[in-house]
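Worksheet: the structure to be examined is printed underneath.
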Amino acid sequence: MGKIKLDEIDHQILDMLIDNTRIPFTDIAKKLLISAGTVHVRVKKMEESGIIKGSSLMLDYKKLGYSFIAYVGVYLNNTSQTKFVLERINEIPFVTVAHITTGKFNIFCKIRARSTEHAKEVIFLLDDIEGVYRTETMISLEESINDKKRLMHSIFNDL
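The numbering of the sequence shown is UniProt numbering, which starts it at 1 and goes up by one.
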(Lines of atoms letter the chains of each structure in order from A and count residues from 1; the text may use other names and numbers.)
(Lines give C-alpha, C1' and ligand atoms only; values in the text may rest on other atoms or scores of the structure.)
Protein backbone atom coordinates (compact mmCIF):
# COMPACT_ATOMS: atom_id res chain seq x y z
CA MET A 1 0.00 0.00 0.00
CA GLY A 2 1.46 3.36 -1.07
CA LYS A 3 1.42 6.66 0.71
CA ILE A 4 -1.98 8.24 1.21
CA LYS A 5 -2.30 11.67 -0.40
CA LEU A 6 -3.40 14.36 2.03
CA ASP A 7 -4.04 17.95 1.08
CA GLU A 8 -3.75 21.11 3.15
CA ILE A 9 -7.35 20.79 4.41
CA ASP A 10 -6.60 17.26 5.68
CA HIS A 11 -3.47 18.60 7.39
CA GLN A 12 -5.44 21.37 9.09
CA ILE A 13 -8.13 18.93 10.23
CA LEU A 14 -5.49 16.60 11.69
CA ASP A 15 -3.75 19.56 13.32
CA MET A 16 -6.94 20.53 15.15
CA LEU A 17 -7.74 16.94 16.11
CA ILE A 18 -4.25 16.46 17.55
CA ASP A 19 -4.76 19.57 19.69
CA ASN A 20 -8.17 18.36 20.84
CA THR A 21 -9.57 14.98 19.78
CA ARG A 22 -12.98 16.02 21.10
CA ILE A 23 -13.35 19.16 18.98
CA PRO A 24 -16.71 19.07 17.19
CA PHE A 25 -16.60 18.77 13.42
CA THR A 26 -18.77 21.90 13.24
CA ASP A 27 -16.02 23.89 15.00
CA ILE A 28 -13.40 22.56 12.59
CA ALA A 29 -15.66 23.41 9.66
CA LYS A 30 -16.19 26.99 10.87
CA LYS A 31 -12.44 27.55 11.29
CA LEU A 32 -11.65 26.12 7.85
CA LEU A 33 -14.68 27.67 6.11
CA ILE A 34 -15.95 24.31 4.87
CA SER A 35 -19.04 22.25 5.72
CA ALA A 36 -19.21 19.91 8.70
CA GLY A 37 -20.15 17.18 6.20
CA THR A 38 -16.86 17.72 4.38
CA VAL A 39 -14.95 17.40 7.66
CA HIS A 40 -16.86 14.22 8.47
CA VAL A 41 -16.15 12.68 5.05
CA ARG A 42 -12.45 13.56 5.21
CA VAL A 43 -12.04 12.21 8.76
CA LYS A 44 -13.90 9.03 7.75
CA LYS A 45 -11.56 8.64 4.74
CA MET A 46 -8.51 9.04 6.98
CA GLU A 47 -9.93 6.49 9.46
CA GLU A 48 -10.65 3.97 6.70
CA SER A 49 -7.16 4.38 5.25
CA GLY A 50 -5.63 3.82 8.70
CA ILE A 51 -4.08 7.28 9.07
CA ILE A 52 -6.37 8.02 12.02
CA LYS A 53 -6.50 5.11 14.44
CA GLY A 54 -9.02 5.95 17.13
CA SER A 55 -8.59 8.85 19.46
CA SER A 56 -6.89 9.09 22.79
CA LEU A 57 -7.47 10.62 26.15
CA MET A 58 -4.57 12.39 27.82
CA LEU A 59 -4.41 12.13 31.59
CA ASP A 60 -2.51 14.29 34.02
CA TYR A 61 -0.74 11.48 35.84
CA LYS A 62 0.69 13.85 38.44
CA LYS A 63 -2.83 14.81 39.54
CA LEU A 64 -3.69 11.11 39.74
CA GLY A 65 -0.67 10.40 41.93
CA TYR A 66 1.47 8.64 39.30
CA SER A 67 4.23 11.16 38.63
CA PHE A 68 7.16 8.73 38.94
CA ILE A 69 8.44 7.53 35.55
CA ALA A 70 11.20 5.02 34.99
CA TYR A 71 12.54 3.19 31.97
CA VAL A 72 13.51 -0.43 32.45
CA GLY A 73 15.73 -2.37 30.10
CA VAL A 74 15.00 -6.09 30.28
CA TYR A 75 17.65 -8.70 29.52
CA LEU A 76 16.35 -12.16 28.60
CA ASN A 77 18.00 -15.51 29.14
CA ASN A 78 17.06 -16.38 25.56
CA THR A 79 15.42 -14.31 22.80
CA SER A 80 13.02 -17.18 22.13
CA GLN A 81 11.35 -16.19 25.42
CA THR A 82 10.42 -12.72 24.11
CA LYS A 83 6.75 -13.47 23.38
CA PHE A 84 6.22 -15.20 26.73
CA VAL A 85 7.91 -12.38 28.66
CA LEU A 86 5.91 -9.71 26.80
CA GLU A 87 2.68 -11.53 27.69
CA ARG A 88 3.70 -11.43 31.39
CA ILE A 89 4.74 -7.77 31.13
CA ASN A 90 1.34 -6.98 29.62
CA GLU A 91 -0.23 -8.23 32.86
CA ILE A 92 1.50 -5.46 34.85
CA PRO A 93 -0.68 -2.35 34.45
CA PHE A 94 2.07 0.04 35.55
CA VAL A 95 4.15 -0.88 32.50
CA THR A 96 2.66 1.54 29.99
CA VAL A 97 4.98 0.92 27.02
CA ALA A 98 7.17 -2.01 25.98
CA HIS A 99 9.38 -2.30 22.92
CA ILE A 100 11.33 -5.25 21.55
CA THR A 101 14.73 -3.72 20.87
CA THR A 102 18.11 -4.39 19.40
CA GLY A 103 21.30 -3.55 21.22
CA LYS A 104 21.79 -3.66 24.95
CA PHE A 105 18.29 -4.78 26.01
CA ASN A 106 15.89 -7.34 24.59
CA ILE A 107 12.87 -5.36 25.80
CA PHE A 108 12.64 -1.73 26.87
CA CYS A 109 9.74 -0.63 29.10
CA LYS A 110 8.29 2.58 30.45
CA ILE A 111 6.68 2.36 33.87
CA ARG A 112 4.55 4.80 35.82
CA ALA A 113 4.40 4.56 39.59
CA ARG A 114 3.24 6.47 42.65
CA SER A 115 6.67 6.61 44.28
CA THR A 116 10.14 5.10 44.30
CA GLU A 117 8.86 2.37 46.60
CA HIS A 118 6.03 1.54 44.20
CA ALA A 119 8.46 1.63 41.24
CA LYS A 120 10.70 -0.83 43.09
CA GLU A 121 7.72 -3.20 43.44
CA VAL A 122 6.98 -2.95 39.71
CA ILE A 123 10.64 -3.54 38.81
CA PHE A 124 10.71 -6.58 41.10
CA LEU A 125 7.63 -7.90 39.28
CA LEU A 126 9.56 -7.57 36.01
CA ASP A 127 12.60 -9.27 37.53
CA ASP A 128 10.45 -12.18 38.71
CA ILE A 129 9.16 -13.05 35.24
CA GLU A 130 10.45 -16.42 34.08
CA GLY A 131 13.02 -15.87 31.36
CA VAL A 132 14.19 -12.46 32.59
CA TYR A 133 17.92 -12.58 33.29
CA ARG A 134 18.08 -9.10 34.84
CA THR A 135 16.84 -5.54 34.44
CA GLU A 136 18.46 -2.12 34.32
CA THR A 137 16.48 0.94 35.38
CA MET A 138 16.77 4.60 34.49
CA ILE A 139 14.69 7.12 36.43
CA SER A 140 13.13 9.98 34.50
CA LEU A 141 13.82 13.29 36.21
CA GLU A 142 11.53 15.21 33.86
CA GLU A 143 9.68 14.66 30.61
CA SER A 144 11.12 17.56 28.65
CA ILE A 145 9.72 16.90 25.16
CA ASN A 146 6.47 15.15 24.28
CA ASP A 147 5.27 16.83 21.12
CA LYS A 148 3.31 14.90 18.50
CA LYS A 149 2.72 18.02 16.43
CA ARG A 150 6.37 18.58 15.47
CA LEU A 151 6.57 15.11 13.95
CA MET A 152 3.17 15.53 12.29
CA HIS A 153 4.25 18.76 10.58
CA SER A 154 7.53 17.18 9.47
CA ILE A 155 5.60 14.25 7.95
CA PHE A 156 3.21 16.66 6.19
CA ASN A 157 6.17 18.48 4.63
CA ASP A 158 7.40 15.16 3.22
CA LEU A 159 4.05 14.22 1.64
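Each residue gets a CB set at the ideal place from its N, CA and C atoms; glycine is no exception.
Around the Cβ of Arg22, are there at least 16 other Cβ atoms within 10 angstroms (buried) or fewer (exposed)?
Along the sequence shown, one-based indexing puts residue 22 at 22. It is exposed - the Cβ of Arg22 has fewer than 16 other Cβ atoms within 10 Å.
Opening and closing residue of the beta strand (DSSP E) in which Ile69 lies
Start at 1 with the first residue of the sequence shown, and residue 69 comes out as number 69. That run of the beta strand (DSSP E) goes 68–76.
Going by DSSP, what residue range makes up the beta strand (DSSP E) through Ile107?
Along the sequence shown, read from residue 1 onward, the residue named residue 107 stands at position 107. Residues 107–113.
Opening and closing residue of the alpha helix (DSSP H) in which Met46 lies:
Against the sequence shown, residue 46 aligns to sequence position 46. Note, Met46: alpha helix (DSSP H), 36–48.
Can you give me the Cβ contacts of Leu125 inside the same chain, cut-off strictly under 6 Å, excluding the 5 residues immediately before and after it?
One-based indexing of the sequence shown puts residue 125 at position 125. Counting only Cβ-Cβ distances below 6 Å, and skipping sequence neighbours, we find Ile92.
Per DSSP, cross-strand counterpart(s) of Glu136:
Position 136 of the sequence shown, counting from 1, holds the residue named residue 136. DSSP output for Glu136 lists Gly73 as bridge partner(s).
Mind checking Asn106: buried by the 16 CB within 10 Å criterion, or exposed?
If you number the sequence shown from 1, residue 106 lands on position 106. That one is buried.
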